[in-house]
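Residue numbers (this note's numbering): 8 to 412. Built from N, CA and C at the ideal position, the CB exists for glycine as well. Note that the structure is predicted; figures quoted are calculated from it, not measured.
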Ligand SMILES: [Cu+2]
């Protein structure tokens, strides 16, 4: 049962899609009342196709569902390293992505869910396994009562996975998007031969919902510390994105959602953070363990480079290190190539290996001069080095290479 790798010229009826999916045995998907209805009687699961539901029931009965991830779409604020707070939308979750039922009040939100942040936390899947990703629309908490964005719906589009429309997250193809108080169950079967770096994002009114922060990294691996046959010692996801803080405030207060063509981003981020001159600023990129690239002499570091946004093209440029791009958009490159600057636009992903030379920990980067072993890595499209009008409050982090313990 599957839906992976559909015929692009194909027939759009569910009947034929199901036939296709049986032929290929890749992605399985369906929506069901089963299980959630008992736990979360208050939430309405959007009804799915009866055939899909029975297939899901069979998989569940065979204990072939590896794990359920429950994502909660919600709004909130993100504090930035320059002291400003930006109104955001996004995907959050409870501890270990558990099902904590319907979120109806601020008390529910604060006691059951982790604080909202952009991008959402990584979801990591294994090749050849079945997973259920459950989207709960947890509603709106920070908007003005009259804002036009109250009660809008969301979906998840698994960007880069070649899914059938059923679980592709495009509203009304064929199922409606998820409104507050509703739930949608995405069932994915990851093919044995698929690995690499992907992302998830909302696909409702995509410009507004993506720019508001509704995205997260999605990693598929065959074996830990291996990718496309290469070995690496440690890995970091560098996720570039941009946001227009003033537009976001307008969405929160007025909700003029038809204004979608004039985003003017004023924050350029890596993993939702900006750099500051104050290297001790706890909210700066360099003090986020997922963004400060720490490695040891002689190691190989995998950078999973991702970007999403409106019109900014990022140019990933680490000082002092050339990278070897081995994968692009979830596929192994037949001819890996080296670079010190790599251009990346919205929706793209690159898998890059950095082989750290011995004694790098003793090397001083002349252009950075921050300290031995430390060199900066930043967006070389210089617009991306400025947030809220201030340089270098932008998309920059550091490589921090240390001698072996
Ligand atoms: Cu959305």
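I believe residue i touches residue j by the beta-carbon criterion, under 8 Å. Please report the beta-carbon distance rounded to the nearest angstrom.
{"i": "residue 148", "j": "residue 201", "result": "With 8 Å as the limit, residue 148 and residue 201 do not qualify as a contact, their Cβ atoms being about 37 Å apart."}
{"i": "residue 304", "j": "residue 384", "result": "Contact flag wrong, Cβ pair sits at about 18 Å."}
{"i": "residue 391", "j": "residue 353", "result": "Not really, about 13 Å apart at Cβ, beyond 8 Å."}
{"i": "residue 159", "j": "residue 75", "result": "Residue 159 to residue 75, Cβ: 25 Å. No contact."}
{"i": "residue 220", "j": "residue 96", "result": "5 Å"}
{"i": "residue 334", "j": "residue 345", "result": "At roughly 14 Å, the Cβ-Cβ gap does not stay under 8 Å, so residue 334 and residue 345 are not in contact."}
{"i": "residue 241", "j": "residue 308", "result": "6 Å"}
{"i": "residue 88", "j": "residue 278", "result": "Actually they do not touch by this definition, with Cβ atoms about 12 Å apart."}
{"i": "residue 319", "j": "residue 388", "result": "7 Å"}
My output table needs one value for residue i: the three-state DSSP class, helix, strand or coil.
{"i": "residue 221", "result": "coil"}
{"i": "residue 370", "result": "coil"}
{"i": "residue 389", "result": "helix"}
{"i": "residue 100", "result": "coil"}
{"i": "residue 8", "result": "The predicted model places residue 8 with a pLDDT of 33, which falls under 50 and marks its position as unreliable; any figure quoted below should be read in that light. If DSSP states are grouped into helix, strand and coil, residue 8 belongs with coil."}
{"i": "residue 66", "result": "helix"}
{"i": "residue 257", "result": "helix"}
{"i": "residue 82", "result": "strand"}
{"i": "residue 216", "result": "helix"}
{"i": "residue 241", "result": "strand"}
{"i": "residue 51", "result": "strand"}
{"i": "residue 117", "result": "helix"}
{"i": "residue 172", "result": "helix"}
{"i": "residue 160", "result": "coil"}
{"i": "residue 383", "result": "strand"}
{"i": "residue 291", "result": "coil"}
{"i": "residue 394", "result": "strand"}
{"i": "residue 134", "result": "coil"}
{"i": "residue 342", "result": "strand"}
{"i": "residue 35", "result": "Confidence in residue 35 is poor, its pLDDT being 38 and thus under 50, which makes the residue's placement unreliable; the coordinate value appears in the next sentence. Of the three classes helix, strand and coil, the one that applies to residue 35 here is coil, per DSSP."}
{"i": "residue 252", "result": "helix"}
{"i": "residue 61", "result": "helix"}
{"i": "residue 325", "result": "strand"}
{"i": "residue 143", "result": "strand"}
Under 8 Å: does the beta carbon of residue i sit that close to some heavy atom of ligand 1?
{"i": "residue 145", "result": "no"}
{"i": "residue 326", "result": "no"}
{"i": "residue 270", "result": "no"}
{"i": "residue 159", "result": "yes"}
{"i": "residue 166", "result": "no"}
{"i": "residue 100", "result": "no"}
{"i": "residue 141", "result": "no"}
{"i": "residue 323", "result": "no"}
{"i": "residue 211", "result": "yes"}
{"i": "residue 221", "result": "yes"}
{"i": "residue 214", "result": "no"}
{"i": "residue 80", "result": "yes"}
Near residue i, what residues of its chain come up, given a Cβ to Cβ distance below 6 Å and the 5 sequence neighbours on each side ignored?
{"i": "residue 310", "result": "243, 245 and 359"}
{"i": "residue 18", "result": "Bear in mind that the predicted position of residue 18 carries a pLDDT of just 42, short of 50, making it unreliable; the figure below should be weighed with that in mind. Nothing listed; no residue qualifies."}
{"i": "residue 271", "result": "251"}
{"i": "residue 371", "result": "379"}
{"i": "residue 235", "result": "333, 334 and 339"}
{"i": "residue 142", "result": "78, 163, 185 and 191"}
For residue i, collect the residues of the same chain with a Cβ closer than 8 Å to its Cβ; drop the 5 residues on either side in sequence, then sort them by chain order.
{"i": "residue 91", "result": "252 and 395"}
{"i": "residue 273", "result": "250, 251, 252, 253, 394, 395 and 396"}
{"i": "residue 133", "result": "73, 197, 227, 228 and 229"}
{"i": "residue 328", "result": "347, 361, 363, 382, 384 and 406"}
Is residue i close to chain B? Criterion is C-beta to C-beta, closer than 9 Å.
{"i": "residue 276", "result": "No chain B appears in this structure, which consists of one protein chain only."}
To the nearest angstrom, how far is it from the Cα of residue i to the Cα of residue j?
{"i": "residue 210", "j": "residue 163", "result": "6 Å"}
{"i": "residue 292", "j": "residue 86", "result": "13 Å"}
{"i": "residue 65", "j": "residue 73", "result": "14 Å"}
{"i": "residue 71", "j": "residue 231", "result": "21 Å"}
{"i": "residue 165", "j": "residue 190", "result": "17 Å"}
{"i": "residue 263", "j": "residue 125", "result": "22 Å"}
{"i": "residue 339", "j": "residue 121", "result": "35 Å"}
{"i": "residue 322", "j": "residue 78", "result": "31 Å"}
{"i": "residue 268", "j": "residue 408", "result": "42 Å"}
{"i": "residue 337", "j": "residue 223", "result": "15 Å"}
{"i": "residue 100", "j": "residue 83", "result": "13 Å"}
{"i": "residue 113", "j": "residue 284", "result": "35 Å"}
{"i": "residue 61", "j": "residue 67", "result": "10 Å"}
{"i": "residue 342", "j": "residue 206", "result": "24 Å"}
{"i": "residue 239", "j": "residue 306", "result": "8 Å"}
{"i": "residue 103", "j": "residue 123", "result": "15 Å"}
{"i": "residue 151", "j": "residue 258", "result": "9 Å"}
{"i": "residue 188", "j": "residue 135", "result": "32 Å"}
{"i": "residue 276", "j": "residue 404", "result": "10 Å"}
{"i": "residue 386", "j": "residue 280", "result": "13 Å"}
Are there any heavy atoms of ligand 3 lying less than 8 Å away from the beta-carbon of residue i, as far as the coordinates show?
{"i": "residue 162", "result": "Among the ligands in the structure shown, ligand 3 does not appear; only ligand 1 can be found there."}
Take residue i and list the residues in its own chain whose beta-carbon comes closer than 7 Å to its own, dropping the five residues that flank it on each side.
{"i": "residue 184", "result": "160, 161, 162, 178 and 211"}
{"i": "residue 208", "result": "164, 166, 217, 221, 222 and 315"}
{"i": "residue 153", "result": "none"}
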